[in-house]
Amino acid sequence: ETLFILQRAPLFGTRAGGVFQVIDLPAAGGGWLQNVITFPPEGAFIVDSSLAPAAAGAAGGGQRLDFQFTGAKLNLAGGRALRVPPFPFLAFCHPPRPRVPTCLGCVCCVPRSHTVGCLPTFGPLLLSRRRFDNVYMDDTLRVSCDSRGDTLISLRAGPPRRFT
35 ETLFILQRAP
45 LFGTRAGGVF
55 QVIDLPAAGG
65 GWLQNVITFP
75 PEGAFIVDSS
85 LAPAAAGAAG
95 GGQRLDFQFT
105 GAKLNLAGGR
115 ALRVPPFPFL
125 AFCHPPRPRV
135 PTCLGCVCCV
145 PRSHTVGCLP
155 TFGPLLLSRR
165 RFDNVYMDDT
175 LRVSCDSRGD
185 TLISLRAGPP
195 RRFT
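Laid out in structure tokens, this is it:
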């Protein structure tokens, strides 16, 4: 979905800037996850989710996080925003994928069984609980594998900051 948006940014008269995944998981609970694509000078597509460690005893070796989509918005020029509400009945637009070999063998990468519906413009705003496993290579490098079979390699850009 990120690549889809990045490749089509010129169609909307802009260019893509930074791409961020922000994870904040305070010890007291109430964690959140944001996936953000910026469109300089002032635009951004922000997807918000709640975030929590996987239930005790779940597979994933303590590195698994569960998340659930809570909303999204497209920030436009001039301080305008287009909100995308959660749609709990929607699932991913593409067919199930086989286990991804580049995924470092994490236990979350299993095929989905069916497709319920989709948002064709913004791709898979799945709106049930999902998860991803993290492998921290060092203090700045993280490899994640999600329950769709996608692999994400991330570099730390600093402490979590919430995009609005």
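Residue numbers (the numbering used here): 35 to 198. In this text, a Cβ means the ideal position worked out from N, Cα and C, and glycines have one as well.
For residue i, the three-state DSSP class (helix, strand or coil)
i    : result
R133 : A caution first: R133 carries a pLDDT of 42, below 50, which makes its placement in the model unreliable, though a value can still be read off. Three-state result, R133: coil.
P193 : coil
L37  : helix
P44  : helix
A115 : strand
D58  : strand
Given residue i as reference, the closest of the options once Cα atoms are compared
i    : options               : result
R164 : A88, A111, P119, M171 : A88
P119 : G113, T104, F166      : T104
T48  : N109, A61, L67, R196  : N109
Residue i burial status per 10 Å Cβ neighbour count (16 or more: buried)
i    : result
D82  : buried
L37  : exposed
D172 : exposed
Which residues DSSP lists as bridging residue i, in chain order
i    : result
A106 : V81, V118
L99  : P87, F166
G65  : L85
Residue-chain proximity (residue i, chain B), Cβ-Cβ < 7 Å
i   : result
E76 : Checking the listed chains, one finds no chain B in this structure; it contains a single protein chain.
message = Below 8 Å, how does it come out for the segment 167-174 and the segment 35-47: are there three or more Cβ pairs, yes or no?
response = no
inquiry  = I'd like to know if the segment 170-184 and the segment 104-117 are in contact, where contact means that at least 3 CB-CB pairs between them fall below 8 Å.
reply    = no
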